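J.:
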Amino acid sequence: MWIVRIVMIAIFLALVEVAVRTEILNPFFVPEPSSVLAGMASSVTDGDFLGMVAITLGAVLLAFAIAGIAGVLLGFVLWRVRPLGDAYEPLVAALFSSPIVLLYPIFLVIFGRNSAAIIALAALFAVLPTILFTKQALSAVNRTLLNVGRSLSMSSWNLFRHIMLPAAAPTIFTGLRIALTYVLIVVVAMEYILQIGGLGRLVAESALLFRATDLYVSVGLIVVISAAFIWLINQLERLAQR
Amino acid sequence: MRKTLTTMTTMTALATSLTVAACSPPGSSGSEEEGLTQVNIAFSNPTIFTTGLPYYVAIDQGFYEDAGLQVEATFTGGGAETVQAVVSGSADIGTETSGAAAIGAYVEGAPIKIVSASTTGLDLQWFALPESGLTDRSDLAGRRMGYSATGSSSHIGVLALSELLESEGLPPIQAEAIGGPPDNLTAVQTGQIDAGWTQPPFFLEEVANGELVLVADGAEIGDYADVAMRVNIANISFLEEDPDAARTFLEVQQQSWDWIFDNPEEAVKIWQESADLELTEEVLLTTFDYYEREELRIAPLDGQDVLIADAVDFGFAEEPLTDEQVSELFDLSYVPED
Amino acid sequence: MKWVWALRLGAVLLFLGVWEVAARTGLVLDTVLPPATEVFGNIPTVAGRPSFGLDVYASLYEVFVGAAIGALIGFVIGAVMGSTAYLYKLLDPLVYYTGAVPKIVLFPILILFLGTGVESKVGIAAISAAFPIAVATALALREVKPIHVKAAKALGASQTQMYRFVYAPSVLGPVLGGVRLGLGVAITASLLAETKVANVGLGFRSIEYYSRLQISEMYALLLLVFMGAAVINLGLSALIRRATHYQQQQVGATATVA
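Line by line, the protein sequences are chains A, B and C. According to my numbering, the residues represented by the first sequence are -19 to 222, in order. According to my numbering, the residues represented by the second sequence are 651 to 988, in order. According to my numbering, the residues represented by the third sequence are 9 to 266, in order.
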């Protein structure tokens, strides 16, 4: 399967390469894929580049940790205390679908013009889907399973640990994966807009310096890192489901 | 089965595309008057003396119309963003564009030419809050200073100052892309940066009554008095399609500046109204203490070598331009002869 | 039921109350958070400015035209993806992984191609919206229950009847869900892009207020933006509920791709 996909991508890139070399595509706007790939390869050993990557990764991981922990806890609370859940779940959903990211100036003022503001904003935004998915997951646990547990006189704790959690885990993981996606998006977007931090800043500056190759290299790196993260979470999910 | 569903979806797709085509984009002022040539220009920070005023005056006094032009302006964040607007075709001409940004873009293949000088000398100042304890430029070592956008003259100023301080053994300056003077004030007041840039007469009142202190002046940052820090650039296709429009525009620019210096009080009135400024006309008039007509000349363009050297020095270009490149980039043939 | 509304009202009042107190007692700087009353008071000022109408139109244009184009692209890609099981398995991970990329990084490229005007914002909105819509469409096509198809055929349904009573209803729900999500990301994408490179629009205007230290006006404008987004969302949700009252809605797989 993957071979087919890689071949598809390779063919596409080859076509672009030809187009750029024959100047059908203006090389000022689109550099040769071969030089972009070369740039990506060399950046892996470039200290400066790696530093940028580290900054972005650090921000992403921290924001994700905050959003994940807080989100699961709050989602649990909303599930456990029914009236709270009924009252606030729609509000959380509404917040999630609104352009919260536009509130970034507030964070700049509170935290300063640095990564802390970005992490806070990303965490705030990503906590919302985590809450929603966690609550959904717990609510959707099959009654039958719970009844079985109760009929076996399981304690509340055991009920939770051995029945609820495994049953809810897949959906919770989906929520976490979504949260990670959003954290990544918000972190890079903010780095780009504010021109601070790591990879997002690199994208902004490459664009402003008209370095098309560097621009596409940073974008390419971001794609690779996103893919790596998603893959990682998928693996963790598989592990947790043993 | 699946194929029928596929056709269904493609049909819906077609339907949506029709609705899309039906909408008219905003800002498409279709009122192109008869006989006037449309020229799109871009510049940053329209409230500033050197950028917005000639444009506002030319509109108010009908200079563009008389010359057969209809000029529309797009405002950018400065520096390379103005170049971006010209490169992408959103603007035909970029006024008050940083020379370094233009050089850097050209080197990477941008289809632009530098057609005239715009502002000679580094006319910027940096301010800070009095409680910051910063008083002169050496205090700025290791601090955060604001500039407008990558490649702008304010950016060059900060980089040059940092280089100067480093040569004195002090730590470099942390430069932050903040935006125009109001953005810098916000950033300084909320502690995001230590010193922000401004251009007279903005914030001079605040300095006079002690709310802000001036910590650095363009004049003490290197030898830029005879360097055309900001230039006018144009898109190559525009120049090829309508060279006369370019020439006419530069003529009007010249005319505008002449008028401004001949009629300072009236110019200030137009400035205040068009830019919706809160400053009084009195304060605005003090701007003329800081500028001489010569500094706003469009020709000759001095300091070409310094601009190129800076571009290389600060990382906007990898190596100095060859003579061929210089003559390709710097094309002052559109400047009116007088 | 009453509890629910009481809790919501309570939370809102508490929030407003804390806000007002914190701002007025100087607990929080005026430049960070002006009092709630001041912000609300500025709403008519902000809405009354001549630039407001144009800003609203520009932003709405970017969002809706962008979402429409995104839907176009999304439908087509989704239709191709969902047409056979093989294509679905082949393409879904690709779409999935590329969907996780922050689309704003493509904005500089779009500026080069489309310029600094509304077109580049329409572009970024379209690209952002295309992903959830593509995923939703593909998923919806895959999930049409064969048993329904067989049953309808067994009852002698014509092709038109198949479309009307089997395919369309089955596909509609998830696809509309994808469209709602697509609209949501289109709003965020275009407004965010406006804060970076633009001359008009609600995102641009709010940052302009911020840069002139007109903080309470910025908040007022953002409040209006949020209310507008909420209205659009609620409207679309209501529409979806009516159109698919025979199905249940769930936070589903479409939310995985933004």
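Here a beta-carbon is modelled for each residue, glycine too, at the ideal position from N, C-alpha and C. Keep in mind that this is a model prediction, so the values were computed, not measured.
(1) Would you mind stating whether LYS763/B and ILE883/B have Cβ atoms separated by less than 8 Å?
(2) Report, in whole angstroms, the separation of the C-beta atoms of THR800/B and VAL877/B, which I expect to be a contact under 8 Å.
(3) If you measure from the beta carbon of GLN215/A to each beta carbon in chain B, is any gap under 8 Å?
(4) Since VAL689/B sits in a beta bridge, which residues does DSSP pair it with?
(5) Show which residues of chain A have a CB atom less than 7 Å away from the CB atom of ALA692/B.
(6) CA-CA distance, SER766/B and TYR984/B?
(7) Can you name the residues of chain B whose CB is closer than 9 Å to the CB of VAL89/A?
(8) Here's the rule I'm using: 16 or more other beta-carbon atoms within 10 Å means buried, otherwise exposed. How should GLY680/B be labelled?
(9) Are the beta-carbon atoms belonging to PHE725/B and ASN207/C less than 8 Å from one another?
(10) Is it right to say PHE899/B is buried, meaning 16 or more other beta carbons lie within 10 angstroms of its own, or is it exposed?
(11) With 8 Å set as the bound, which would you pick, yes or no: does the beta-carbon of GLY92/A sit closer than that to a beta-carbon of chain B?
(12) Quick one: residues in its chain with C-beta nearer than 8 Å to the C-beta of ILE210/A, no 5 flanking neighbours on either side, listed in chain order?
(13) For the region 22 to 110 of chain A, which segments carrying the beta strand (DSSP E) assignment without a break, of at least 3 residues, lie completely within its bounds, in sequence order?
(14) So, ILE132/C versus ALA197/C, is the Cβ gap smaller than 8 Å?
(15) By how many angstroms is the C-alpha of ALA176/C removed from the C-alpha of VAL12/C?
(16) Measure the alpha-carbon distance for LEU242/C versus ALA228/C and round it to whole angstroms.
(17) With three or more beta-carbon pairs closer than 8 Å as the criterion, would you say the region 922 to 938 of chain B touches the region 839 to 851 of chain B?
(18) So which residues on chain C does PRO832/B lean against when the C-beta distance must stay under 8 Å?
(19) Pick helix, strand or coil for PHE8/A, following the three-state DSSP scheme.
(20) Taking ILE764/B as part of the beta strand (DSSP E), name the residues at either end of that continuous run.
(21) In this structure, does DSSP put PHE980/B in helix, strand or coil?
(22) Here's a check: name, in chain order, each residue in its chain whose Cβ is nearer than 8 Å to the Cβ of THR92/C, leaving out the five neighbours to either side.
(23) Got a sec: which bits of the region 230 to 244 of chain C sit with their beta carbon under 7 Å from any beta carbon on chain A, in order along the chain?
(24) If we count the other Cβ atoms within 10 Å of its Cβ and call it buried at 16 or more, is ASP833/B buried or exposed?
(25) Expressed to the nearest angstrom, what Euclidean distance is found between the alpha-carbon atoms of ASP100/C and TYR94/C?
(26) Against chain B, with Cβ distances strictly below 8 Å, would LEU99/C count as a contact?
(27) I want to know whether the region 104 to 112 of chain A touches the region 41 to 50 of chain A - three or more CB-CB distances under 8 Å.
(28) Assign THR264/C to one of three DSSP states: helix, strand, or coil.
(29) Going by CA-CA distance only, name the one from SER748/B, TYR797/B, ALA778/B that's closest to GLU861/B.
(30) Under a Cβ-count criterion, where at least 16 other Cβ atoms within 10 Å of its own Cβ denotes burial, should HIS805/B be classed as buried or exposed?
(31) Taking only the alpha-carbon atoms, compute the straight-line gap between VAL757/B and SER740/B and give it to the nearest angstrom.
(32) If we call anything under 8 Å between Cβ atoms a contact, is ILE135/C one with VAL205/C?
(33) Establish whether the CB of PHE777/B and some CB of chain A are separated by less than 8 Å.
(34) Grab the span of the beta strand (DSSP E) containing ASN885/B for me, first residue to last.
(35) Under three-state DSSP, which class holds VAL985/B?
T.: Let me spell this out:
(1) yes
(2) So it is not a contact: roughly 19 Å between Cβ atoms.
(3) no
(4) VAL721/B
(5) Chain A residues near ALA692/B: none, gap ~14 Å exceeds 7 Å.
(6) 8 Å
(7) THR836, THR840, GLY841, GLN842
(8) Note that GLY680/B scores a pLDDT of 48, beneath 50, so its modelled location is shaky and nothing firm can be said.
(9) yes
(10) buried
(11) yes
(12) ARG157, LEU160, THR161
(13) none
(14) yes
(15) 36 Å
(16) 21 Å
(17) yes
(18) SER219, ARG220, LEU221
(19) coil
(20) 762 to 769
(21) strand
(22) none
(23) LEU230, VAL233, PHE234, ALA237, ALA238, ASN241
(24) buried
(25) 10 Å
(26) no
(27) yes
(28) Residue confidence for THR264/C is low, a pLDDT of 42 falling below 50, so the modelled location carries little weight; the figure read from the coordinates is stated next. Reduced to three states, the DSSP call for THR264/C is helix.
(29) ALA778/B
(30) buried
(31) 20 Å
(32) no
(33) no
(34) 880 to 885
(35) coil
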